[in-house]
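Trainee: Structure incoming, see below.
There are 2 protein chains.
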Amino acid sequence: MSLRAVSIAGVGCTPFGAHPDTPIHELALRAARAAIDEAVIARADIGSLYLGNFIGGMLTGQEVLAGLVGDALGLANVPCTKVEGACASGGIAFRHACLMVACGQCDAALAVGVEKMTHAGTAQITAALNAAMDQMADARSGLTWPGLYAMAWRAHAARHGTRREQVSAVVIKNKANGLRNPLAQMGAALDAQAIADSKPIADPVRLFDCCAPGDGAAAVVVVARERAGAGGALPIDVRASVQTRGAARLASHRDITSFEATVSAAREAYRQAGIGPRDLDFVELHDCFSIAEILDAEDLGLMPRGHGGGWSLEGRTGMAGDLPINASGGLLAKGHPVGATGLGQIYEAVAQLRGTHPNQVRGAAIGLTHNLGGTGIACTVNILARPDA
Amino acid sequence: MSLRAVSIAGVGCTPFGAHPDTPIHELALRAARAAIDEAVIARADIGSLYLGNFIGGMLTGQEVLAGLVGDALGLANVPCTKVEGACASGGIAFRHACLMVACGQCDAALAVGVEKMTHAGTAQITAALNAAMDQMADARSGLTWPGLYAMAWRAHAARHGTRREQVSAVVIKNKANGLRNPLAQMGAALDAQAIADSKPIADPVRLFDCCAPGDGAAAVVVVARERAGAGGALPIDVRASVQTRGAARLASHRDITSFEATVSAAREAYRQAGIGPRDLDFVELHDCFSIAEILDAEDLGLMPRGHGGGWSLEGRTGMAGDLPINASGGLLAKGHPVGATGLGQIYEAVAQLRGTHPNQVRGAAIGLTHNLGGTGIACTVNILARPDA
Numbered sequence: 111m112s113l114r115a116v117s118i119a120g121v122g123c124t125p126f127g128a129h130p131d132t133p134i135h136e137l138a139l140r141a142a143r144a145a146i147d148e149a150v151i152a153r154a155d156i157g158s159l160y161l162g163n164f165i166g167g168m169l170t171g172q173e174v175l176a177g178l179v180g181d182a183l184g185l186a187n188v189p190c191t192k193v194e195g196a197c198a199s200g201g202i203a204f205r206h207a208c209l210m211v212a213c214g215q216c217d218a219a220l221a222v223g224v225e226k227m228t229h230a231g232t233a234q235i236t237a238a239l240n241a242a243m244d245q246m247a248d249a250r251s252g253l254t255w256p257g258l259y260a261m262a263w264r265a266h267a268a269r270h271g272t273r274r275e276q277v278s279a280v281v282i283k284n285k286a287n288g289l290r291n292p293l294a295q296m297g298a299a300l301d302a303q304a305i306a307d308s309k310p311i312a313d314p315v316r317l318f319d320c321c322a323p324g325d326g327a328a329a330v331v332v333v334a335r336e337r338a339g340a341g342g343a344l345p346i347d348v349r350a351s352v353q354t355r356g357a358a359r360l361a362s363h364r365d366i367t368s369f370e371a372t373v374s375a376a377r378e379a380y381r382q383a384g385i386g387p388r389d390l391d392f393v394e395l396h397d398c399f400s401i402a403e404i405l406d407a408e409d410l411g412l413m414p415r416g417h418g419g420g421w422s423l424e425g426r427t428g429m430a431g432d433l434p435i436n437a438s439g440g441l442l443a444k445g446h447p448v449g450a451t452g453l454g455q456i457y458e459a460v461a462q463l464r465g466t467h468p469n470q471v472r473g474a475a476i477g478l479t480h481n482l483g484g485t486g487i488a489c490t491v492n493i494l495a496r497p498d499a
Numbered sequence: 111m112s113l114r115a116v117s118i119a120g121v122g123c124t125p126f127g128a129h130p131d132t133p134i135h136e137l138a139l140r141a142a143r144a145a146i147d148e149a150v151i152a153r154a155d156i157g158s159l160y161l162g163n164f165i166g167g168m169l170t171g172q173e174v175l176a177g178l179v180g181d182a183l184g185l186a187n188v189p190c191t192k193v194e195g196a197c198a199s200g201g202i203a204f205r206h207a208c209l210m211v212a213c214g215q216c217d218a219a220l221a222v223g224v225e226k227m228t229h230a231g232t233a234q235i236t237a238a239l240n241a242a243m244d245q246m247a248d249a250r251s252g253l254t255w256p257g258l259y260a261m262a263w264r265a266h267a268a269r270h271g272t273r274r275e276q277v278s279a280v281v282i283k284n285k286a287n288g289l290r291n292p293l294a295q296m297g298a299a300l301d302a303q304a305i306a307d308s309k310p311i312a313d314p315v316r317l318f319d320c321c322a323p324g325d326g327a328a329a330v331v332v333v334a335r336e337r338a339g340a341g342g343a344l345p346i347d348v349r350a351s352v353q354t355r356g357a358a359r360l361a362s363h364r365d366i367t368s369f370e371a372t373v374s375a376a377r378e379a380y381r382q383a384g385i386g387p388r389d390l391d392f393v394e395l396h397d398c399f400s401i402a403e404i405l406d407a408e409d410l411g412l413m414p415r416g417h418g419g420g421w422s423l424e425g426r427t428g429m430a431g432d433l434p435i436n437a438s439g440g441l442l443a444k445g446h447p448v449g450a451t452g453l454g455q456i457y458e459a460v461a462q463l464r465g466t467h468p469n470q471v472r473g474a475a476i477g478l479t480h481n482l483g484g485t486g487i488a489c490t491v492n493i494l495a496r497p498d499a
């Protein structure tokens with residue numbers, strides 16, 4: 111059966127960083143109100159709410175966030191659902207908002223993502239993030255997230271000759287991009303030496319190769335395309351929105367340098383949109399670690415496998431390159447308030463497609479966002495486009 | 111746009127109670143495997159998985175349960191999503207599985223609900239359950255769940271003259287029903303005196319008025335109706351599946367003896383199914399406390415408002431009454447492993463409709479299930495029927 115075409119009518123995003131005095135549901139509300147205001151939509155017209163959040167229960171003791179936000183917004187008695195898929199929770203919320211409009215459950219839906227982390231101690235945050243691992247397997251073995259990506263980095267280096275300076279080029283680029291994004295948590299002007307000199311975390315991963323805990327929220331209003339355009343801002347087409355599952359633990363990966371959830375989501379997204387990677391003008395992808403950008407870019411088919419490091423060092427993923435990646439600063443610089451990240455990427459992509467981004471990619475007409483959870487256990491890929499593209 | 115009709119092809123449920131040696135994802139797997147086996151469906155045909163869980167993160171440190179279960183079942187790279195809406199999480203998972211099939215995303219979907227609580231201490235369980243309250247309001251004021259229902263009881267008694275013996279009749283009935291359900295956690299033969307003599311919790315609520323923490327899981331395989339019937343067991347029609355939001359905190363209720371989420375969900379469910387409460391042969395509803403059964407039954411329109419206590423004492427909701435409620439034992443006797451409850455109700459209803467329930471309602475052809483979360487912040491109502499009804 112055919113589903114309706116869907117557009118993005120409004121987006122909102124708080125600054126990512128530390129919000130010590132703002133309760134978690136209030137962060138979500140700020141982003142949601144901004145998205146609704148931009149969409150110029152009556153709250154009575156919003157027929158469904160999805161809220162992406164990963165560890166709100168463990169770090170703030172607050173569940174039922176979807177209902178709390180729906181109540182505070184004054185929505186009608188419409189379904190309000192929290193969805194969770196580790197770091198992909200925000201992307202999952204977006205896909206469900208799109209689906210509800212696409213299948214006619216409602217003409218407008220709201221997706222919100224939120225996380226609040228910086229008030230907690232490092233040990234508490236680490237324990238909470240480890241809830242994305244299989245507690246019977248990876249968590250017992252002492253795996254950490256930097257450890258996982260350190261192993262992937264070593265395997266990628268052994269197979270493709272990927273060098274430290276190539277990986278550092280990802281950090282330099284994303285931190286520099288972050289300097290131009292007013293919502294970014296930690297943009298910086300770095301050189302390779304500063305990265306190589308930063309604190310060792312899990313060899314070869316160093317501190318500046320890692321994203322930091324953050325607080326923040328992002329929100330998107332999705333509408334049926336035939337209703338789009340009532341707001342002041344340019345509506346953006348959702349050409350594909352795909353969610354997949356991948357390996358649940360380290361031992362299930364056939365290849366630690368590739369996430370099957372990303373590969374399968376990208377394949378289906380390109381099919382839905384009727385385009386290929388060469389048609390993309392920019393990408394926002396899940397660079398939770400520097401090496402992750404290289405792995406993810408290859409999984410998305412943006413360059414031949416094994417060439418991710420080379421493309422990075424040669425500037426082909428920079429602002430003036432073949433395919434700018436993470437013009438927002440990505441997770442490394444914009445930040446990674448987990449449940450918010452997938453929707454924050456869509457916020458950034460929409461600004462690029464409207465031509466209003468503070469770090470604008472020239473001629474941005476079609477973009478892709480990629481949000482990955484856990485050991486690749488959950489993934490969402492979206493393809494967004496200007497209506498004229 | 112029209113959605114496809116949906117049927118239940120298979121159901122599974124673990125015993126509710128204490129499962130100290132079974133990890134949470136393994137509980138979910140047991141129920142899921144039973145449902146898939148009964149549906150006689152290839153795992154490759156399952157196109158979507160929803161897992162309802164409330165406090166797995168806080169009590170077991172395990173998130174991404176949907177992906178873990180999908181991985182262990184050997185499903186393809188299909189979307190696996192955890193949904194949360196406090197005690198309504200299981201019902202929300204079911205609705206989403208139905209929607210994915212109804213809108214053509216897949217021809218078969220799996221809904222699983224699970225919770226594991228009994229390993230935790232009382233203080234830890236209480237803190238986790240309180241995550242369903244607004245932490246900025248009700249939780250700060252010292253509200254507890256027994257306290258909320260004690261207030262509702264007093265208000266109902268003041269307005270309608272509801273008496274202790276009427277409320278106790280709910281406990282006596284459900285505990286007796288539980289004795290006939292092999293999956294029930296705590297069936298019992300009780301008299302009014304034993305209930306009145308049980309430990310005071312929040313006056314007038316006593317210990318036997320409360321459901322207990324439990325471990326357990328339930329699962330349902332949903333298929334497109336045109337594909338139903340391939341399995342050995344009778345497929346059951348889903349005539350309505352509705353999810354709503356209600357008041358997020360005590361102060362938002364216009365009337366503490368009624369949950370607007372239930373009222374609005376029931377209204378829409380009857381509309382979708384084209385029937386009224388008088389067409390129902392039985393109901394499984396959310397009796398987290400004895401008084402809750404009376405409030406919920408009135409909200410569902412099963413009897414005139416204020417008559418819930420009378421109907422209970424007169425046996426009109428008993429096995430031989432006008433409308434049997436909670437033949438399974440309900441939350442009071444079958445148990446309430448939170449995320450599993452909504453799907454456990456559907457398991458019980460399907461057995462009734464197939465005529466195979468150990469505590470069979472005579473002539474059961476159409477039934478309703480009702481799952482309520484938090485202070486009424488989330489609700490699901492389903493109407494299920496024999497194909498010939």
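So the sequences go chain by chain: A and B. Position in the first sequence counted from 1, then plus 110, gives you my numbering. Position in the second sequence counted from 1, then plus 110, gives you my numbering. Every residue, glycine too, gets a C-beta built ideally from N, C-alpha and C.
So, are the CB atoms of residue 397 of chain A and residue 284 of chain A less than 9 Å apart?
Mentor: It is a contact, given that the beta carbons lie within the stated cut-off.
Trainee: Give the straight-line distance between the Cα atoms of residue 386 of chain B and residue 445 of chain B, rounded to the nearest whole angstrom.
Mentor: Residue 386 of chain B and residue 445 of chain B: Cα-Cα distance of roughly 28 Å.
Trainee: Report buried or exposed for residue 466 of chain B, applying the criterion of at least 16 other Cβ atoms within 10 angstroms of its Cβ.
Mentor: Residue 466 of chain B is exposed by the Cβ-count criterion.
Trainee: Can you look up residue 411 of chain B in the DSSP assignment and give me helix, strand or coil?
Mentor: Coil, per DSSP.
Trainee: Pop quiz: residue 370 of chain B and residue 486 of chain B are said to be a contact at Cβ under 8 Å. What is the actual Cβ separation, rounded to whole angstroms?
Mentor: Going by Cβ atoms, the distance from residue 370 of chain B to residue 486 of chain B rounds to 7 Å, so yes, they are a contact pair.
Trainee: Distance, Cα to Cα, residue 173 of chain B vs residue 421 of chain B?
Mentor: So the two alpha carbons sit approximately 42 Å from each other.
Trainee: Between the region 478-493 of chain A and chain B, which residues of the former have a C-beta closer than 8 Å to a C-beta of the latter?
Mentor: Within the region 478-493 of chain A, the residues whose Cβ lies closer than 8 Å to some Cβ of chain B are 483, 484, 487, 488, listed in chain order.
Trainee: Between the Cα of residue 129 of chain A and those of A/250, A/405, A/224, A/280, spot the shortest distance and give me the residue it belongs to.
Mentor: Closest by alpha carbon: A/224.
Trainee: Among B/384, B/403, B/399, which has the Cα closest to the Cα of residue 393 of chain B?
Mentor: Considering only alpha carbons, the answer is B/403.
Trainee: Quick one: give me the first and last residue of the beta strand (DSSP E) that residue 123 of chain B is part of.
Mentor: That run of the beta strand (DSSP E) goes 116-123.
Trainee: Which residues of chain A have a Cβ atom closer than 7 Å to the Cβ of residue 191 of chain B, listed in chain order?
Mentor: In chain order: 193, 195, 202.
Trainee: Closer than 6 Å by C-beta to residue 207 of chain B: which residues in its own chain qualify, once you throw out the five before and the five after it? Chain order, please.
Mentor: Here the set comprises 160, 219, 221, 332.
Trainee: Using the Cα positions of residue 304 of chain A and residue 464 of chain A, report the straight-line distance between them to the nearest angstrom.
Mentor: Using only the alpha carbons, I get a separation of about 35 Å.
Trainee: Indicate the three-state DSSP secondary structure (helix, strand or coil) for residue 151 of chain A in the structure shown.
Mentor: It is coil, neither helix nor strand.
Trainee: Buried or exposed, going by whether 16 or more other CB atoms sit within 10 Å of the CB of residue 150 of chain A?
Mentor: Exposed is the call here.
Trainee: I need the boundaries of the beta strand (DSSP E) containing residue 225 of chain A, first residue and last residue.
Mentor: Counting along the chain, the beta strand (DSSP E) containing residue 225 of chain A begins and ends at 218-225.
Trainee: First and last residue of the beta strand (DSSP E) that includes residue 270 of chain A?
Mentor: Residue 270 of chain A -> not in any beta strand (DSSP E); alpha helix (DSSP H) instead, spanning 255-270.
Trainee: Taking DSSP's pairing of strands, which residues face residue 160 of chain A in a bridge?
Mentor: According to DSSP, which records beta bridges pairwise, residue 160 of chain A is partnered with A/191, A/221.
Trainee: Please classify residue 292 of chain B: is it buried, with 16 or more other beta-carbons within 10 angstroms of its beta-carbon, or exposed?
Mentor: Per the 10 Å Cβ criterion, exposed.
Trainee: Using DSSP with H/G/I as helix, E/B as strand and the rest coil, what is residue 378 of chain B?
Mentor: Residue state, collapsed to three classes: helix.
Trainee: Let me make sure I understand the geometry here. Which of A/390, A/430, A/399 has the alpha-carbon closest to that of residue 413 of chain A?
Mentor: Residue A/390 is the option with its Cα nearest to residue 413 of chain A.
Trainee: So residue 345 of chain A and residue 338 of chain A are supposed to be a Cβ contact under 8 Å. How far apart are they, rounded?
Mentor: Contact flag correct, Cβ pair sits at about 4 Å.
Trainee: Looking at residue 352 of chain A: is its Cβ nearer than 9 Å to the Cβ of residue 492 of chain A?
Mentor: Yes; because the gap between Cβ atoms is below 9 Å, this pair is in contact.
Trainee: Are residue 327 of chain A and residue 178 of chain A close, meaning C-beta to C-beta below 9 Å?
Mentor: Result no, Cβ atoms of residue 327 of chain A and residue 178 of chain A do not sit closer than 9 Å.
Trainee: Alpha carbon to alpha carbon, how far is residue 261 of chain B from residue 287 of chain A? Give it in angstroms, no decimals.
Mentor: Rounded to the nearest angstrom, the two C-alpha atoms are 55 Å apart.
Trainee: Determine, using beta carbons only, whether residue 308 of chain B comes closer than 9 Å to chain A.
Mentor: False, the Cβ-Cβ gap to chain A never drops below 9 Å.
Trainee: Could you pull the DSSP bridge partners for residue 346 of chain A from this structure?
Mentor: In the DSSP output, where bridge partners are listed per residue, residue 346 of chain A has A/118.
Trainee: Give the secondary structure of residue 63 of chain A by DSSP, where H, G and I count as helix, E and B as strand, and everything else as coil.
Mentor: No statement about residue 63 of chain A is possible, as the shown extent of chain A runs from 111 to 499 and does not include it.
Trainee: Give me the chain A residues within the contact set of residue 185 of chain B, using Cβ-Cβ distance strictly less than 9 Å, ordered along the chain.
Mentor: Under the 9 Å cutoff, chain A gives 355.
Trainee: Apply the 10 Å Cβ neighbour rule to residue 347 of chain B and answer buried if 16 or more other Cβ atoms are within range, or exposed otherwise.
Mentor: Result: buried.
Trainee: Indicate whether the contact test is met: 3 or more Cβ pairs, each with one atom in the region 237-254 of chain B and one in the region 175-194 of chain B, closer than 8 Å.
Mentor: Result no; under three Cβ-Cβ pairs closer than 8 Å.
Trainee: Just checking: is the beta-carbon of residue 66 of chain B within a distance shorter than 9 Å of some beta-carbon in chain A?
Mentor: What the structure shows of chain B is the stretch from 111 to 499, and residue 66 of chain B is not part of that stretch, so it cannot be assessed.
Trainee: Compute the Euclidean distance between the alpha carbons of residue 255 of chain A and residue 384 of chain A, then round it to the nearest angstrom.
Mentor: If I take the Cα positions, the gap works out to 35 Å.
Trainee: List the residues of chain A whose Cβ lies closer than 8 Å to the Cβ of residue 256 of chain B, in chain order.
Mentor: By Cβ distance, chain A contributes nothing, its closest Cβ being about 19 Å from residue 256 of chain B, past 8 Å.
Trainee: Taking 9 Å as the CB-CB limit, is residue 446 of chain A close to chain B?
Mentor: No - not a single Cβ of chain B is within 9 Å of the one on residue 446 of chain A.
Trainee: Please confirm if the region 134-145 of chain A is in contact with the region 197-217 of chain B, defined as three or more CB-CB distances below 8 Å between the two stretches.
Mentor: Result no; under three Cβ-Cβ pairs closer than 8 Å.
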